[in-house]
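Worksheet: the structure to be examined is printed underneath.
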Amino acid sequence: EVEKVLKEARLNEVNIGMCCISPVIAARVFGKSFSGPGAKLTLGKKAPGFPYQDSIKVAEGFGNTMQESDVHEVVVDASSAKSIIATTPAYMKDTAPHEVFDGVGKMVAAIVEQARKK
């Protein structure tokens with residue numbers, strides 16, 4: 044069901060925002076290994092303090108471009124002219140809540156900005 048919703052959202056040019064571990068779902072749905080176009084996403088960094096960094100390798104293995112980012116950052120896949128996929132690592136790092144808040148805020152801002160362009 045989740046796969047269907049994500050594919051329909053992309054097909055209908057609906058912006059998608061995902062944080063924490065959820066971008067791995069988009070990686071599976073849109074990955075080139077599963078006949079998708081591939082996507083640019085983030086699940087954090089391959090660095091100390093990121094206990095779930097192995098998920099980055101998994102998402103790359105699905106056929107996606109994984110951009111390393113910190114929790115207060117957002118990564119935007121703008122490969123579709125009319126919609127985006129915005130992702131942020133959130134609690135993929137051992138961090139403070141205010142840093143997660145900043146990253147999620149940037150993710151939401153990217154979605155809102157793209158929606159205003161329509």
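Plus 43 on top of the position in the sequence shown (first one is 1) and you've got this note's numbering.
Quick reminder that beta carbons are idealized off the backbone N, C-alpha and C, glycines included.
Excluding sequence positions up to five before and after residue 47, its CB lies less than 7 Å from no other CB in the same chain.
Segment contact: the region 76 to 90 against the region 130 to 145, three or more CB-CB distances shorter than 8 Å; contact assigned. In terms of CA proximity to residue 66, 81 leads the group 55, 54 and 81. Membership of residue 120 in the beta strand (DSSP E) is indicated by the continuous run 118 to 120.
The beta-carbon distance between residue 107 and residue 70, rounded to whole angstroms, is 5 Å. This is short enough to meet the 8 Å contact definition.
Annotated three-state conformation of residue 129 is strand, per DSSP. Partner residues in the beta bridge of residue 61, as assigned by DSSP, are 130.
Taken in chain order, the complete alpha helix (DSSP H) segments of 4 residues or longer contained in the region 74 to 116 are 97 to 104.
Per DSSP, the continuous alpha helix (DSSP H) segment holding residue 47 begins and ends at 45 to 54.
Within the model, the alpha-carbon separation for residue 90 versus residue 155 is close to 30 Å. Taking a C-beta distance under 8 Å as the contact criterion, residue 73 and residue 136 do not qualify as a contact pair.
For residue 145, the uninterrupted alpha helix (DSSP H) segment begins and ends at 140 to 159.
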